[in-house]
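> Residue numbers (the working numbering), protein chains in the order written: chain Z, 1 to 200; chain S, 1 to 200.
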């Protein structure tokens, strides 16, 4: 018999399915929600339902949007000659929050993972090539996460893009800010060393 | 202008009000909820609303319950002669999950905090004394969190209880399992030393 009343037990069980939320955190959150003002819990519940209802993918870049085209694709001030290719929406959002890219994006919605049955046809690669054929894009920056699968995906896409005659680059790998060489893996150290730049 | 569509922004903002959830975690959870199956998000939203609607406090011990009396107060197998006094429901649940107490509980719903205007009349102390007057309870274990306010509350309640002629004890303080003396504060070290027991 659970120590919680069944209504609370169900909320804890639902919350503990969230990523990074274990049973203890779920119990803490559930008690918080029980005590929270009703306006807050009603707003939270409504937000959860509305996100499922109102949000979809941008038909151009596959970013999230509540309309046909996302805010970035509709913004006339974004540089239309450079395109940044990312794995998923979370990566795009991280770059946007850092404010480090002036162009537009293309979200692949995954990486190649042959062992999981994910091939080029499961990613938004066809749509990427179609965007390039419109002729506006001069440079593509690949900002795919550095993992075995990510790197294979970047190599595969770079091959296709070069055939289209656009300039292709990849974001740098190295020691992150606040990182410590003695806790950094060998691959990162090698990439950081290979990518060294003359001190100005 | 936010990088998120407004529906998503609202969910992120609601989620980031949860304890221990910052903006980054909220964004991650929101993206997870966007991708999660509809049955899950509907169940979560309903659970949140139902907890506010169905859960209240046990009229005897002030534990959470979806009925008049909580599961523990209604359980005839619990020892009715010992009572464990805790600060809040989360503390009761921790003790129950550990399965370390065979009796019943009394939840104070806070501790004395004169600076915040919380006096004895704001806690469930009157109700505690009323329970004792029924004569079933022979021993009270104070399991109030060790903090300045918690200890003042324990001392205050112990004084009242002793007048009623019941045996009063307090849970032990010391080094927690997995703790390390060199990272332990001086007060805890002193309590651990004072509370030492002969090795058997």
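Beta carbons are placed, not taken as given, at the ideal position from N, Cα and C, and that holds for glycine.
Helix or strand or just coil, what does DSSP make of residue 51 (chain Z)?
helix
> Express the C-alpha separation of residue 28 (chain Z) and residue 21 (chain S) in angstroms, rounding to a whole number.
12 Å
> Counting only the same chain and skipping the five closest in sequence on each side, list residues whose C-beta sits under 7 Å from that of residue 113 (chain Z).
So the list reads 149, once near-sequence residues are dropped.
> Starting from residue 30 (chain S), trace the alpha helix (DSSP H) in both directions and tell me its first and last residue.
23-35
> So with Cβ pairs under 7 Å, would you call residue 191 (chain S) a contact of chain Z?
no
> Would you mind sorting residue 63 (chain Z) into buried or exposed? The rule is 16 or more other CB atoms within 10 Å of its CB.
buried
> Across the segment 72-92 of chain Z and the segment 101-112 of chain Z, are there enough close Cβ pairs to call them in contact, namely three or more that are closer than 8 Å?
yes
> Report the rounded CA-to-CA distance for residue 131 (chain Z) versus residue 32 (chain Z), giving the unit in angstroms.
47 Å
> Nearest by alpha-carbon distance to residue 134 (chain S): which of S:80, S:46, S:97, S:155 is it?
S:80
> Can you grab the Cα-Cα spacing for the pair residue 14 (chain Z) / residue 40 (chain S), in whole Å?
Answer to the nearest angstrom: the Cα atoms are 8 Å apart.
> Name the chain S residues that come within less than 9 Å of residue 213 (chain Z), Cβ to Cβ?
Since the first residue of chain Z shown is 1 and the last is 200, residue 213 (chain Z) is not available in this structure.
> Note down the Cα distance separating residue 24 (chain S) from residue 91 (chain Z), rounded to an integer number of angstroms.
Residue 24 (chain S) and residue 91 (chain Z) have their C-alpha atoms spaced approximately 12 Å apart.
> Can you confirm whether the segment 188-195 of chain Z touches the segment 167-177 of chain Z when touching is taken to mean that 3 or more C-beta pairs between the two stretches lie within less than 8 Å?
yes
> Check whether the Cβ of residue 144 (chain S) lies closer than 7 Å to any Cβ atom in chain Z.
no
> Closer than 7 Å between beta carbons: that is the criterion. Which residues of the segment 72-96 of chain S meet it against chain Z?
Of all residues in the segment 72-96 of chain S, those with a C-beta nearer than 7 Å to a C-beta of chain Z are 89, 90, 93, 96, reading in chain order.
> Please report how far the alpha carbon of residue 49 (chain S) lies from the alpha carbon of residue 76 (chain Z), in whole angstroms.
For residue 49 (chain S) and residue 76 (chain Z), the distance between alpha carbons rounds to 42 Å.
> Just to make sure I have the definition right: I need the residues of chain Z whose C-beta is within less than 8 Å of the C-beta of residue 6 (chain S). Which are they?
66
> When burial is assigned at 16 or more other CB atoms within 10 Å of the CB, is residue 183 (chain Z) buried or exposed?
exposed
> For residue 96 (chain S), report the span of its alpha helix (DSSP H) as first-last.
89-98
> If the cut is a Cβ gap below 9 Å, which residues of chain S does residue 34 (chain Z) touch?
The contacting residues are 51, 52, 55, 64, 89.
> Taking the alpha-carbon of residue 102 (chain Z) as reference, which of Z:162, Z:2, Z:83 has the nearest alpha-carbon?
Z:83
> Using 10 angstroms around the beta-carbon of residue 100 (chain S), count the other beta-carbons present and answer buried if the total reaches 16, otherwise exposed.
exposed
> Look at the alpha carbon of residue 120 (chain Z) and the alpha carbon of residue 153 (chain Z), and state the distance between them as a whole number of angstroms.
In this model, residue 120 (chain Z) and residue 153 (chain Z) are separated by some 9 Å (Cα to Cα).
> On the criterion of 16 or more Cβ atoms from any shown chain inside 10 Å, does residue 51 (chain Z) qualify as buried, or is it exposed?
buried
> Please identify the residue among S:68, S:43, S:44 whose C-alpha is closest to the C-alpha of residue 55 (chain S).
S:68
> What first and last residue would you give for the beta strand (DSSP E) that runs through residue 169 (chain S)?
167-170
> Taking residue 61 (chain Z) and residue 104 (chain Z) to be in contact with their CB atoms under 8 Å, please state how far apart those CB atoms are, rounded to whole angstroms.
About 6 Å separates the beta carbon of residue 61 (chain Z) from that of residue 104 (chain Z), a gap short enough to meet the 8 Å contact definition.
> Could you check whether residue 187 (chain S) and residue 169 (chain S) sit closer than 7 Å to each other, using their CB atoms as the reference points?
no
> What did DSSP end up calling residue 61 (chain S) once you bin it into helix, strand or coil?
coil
> Give the range of the alpha helix (DSSP H) segment to which residue 131 (chain S) is assigned.
125-133
> Between residue 38 (chain Z) and chain S, is the shortest Cβ-Cβ distance under 7 Å, so that the two count as touching?
yes
> Within the continuous beta strand (DSSP E) that includes residue 105 (chain Z), where are the two ends?
104-107
> Report the residue from Z:11, Z:160, Z:70, Z:96 whose alpha carbon sits nearest the alpha carbon of residue 44 (chain S).
Z:11
> Could you name the residues of the same chain whose beta carbon sits closer than 7 Å to that of residue 30 (chain S), not counting the 5 residues immediately before and after it, in chain order?
8, 11, 12, 15
> Put residue 3 (chain Z) into one of helix, strand or coil per three-state DSSP.
coil
> Take residue 34 (chain Z) as the anchor and find which of S:124, S:6, S:66, S:198 has the nearest alpha-carbon.
S:66
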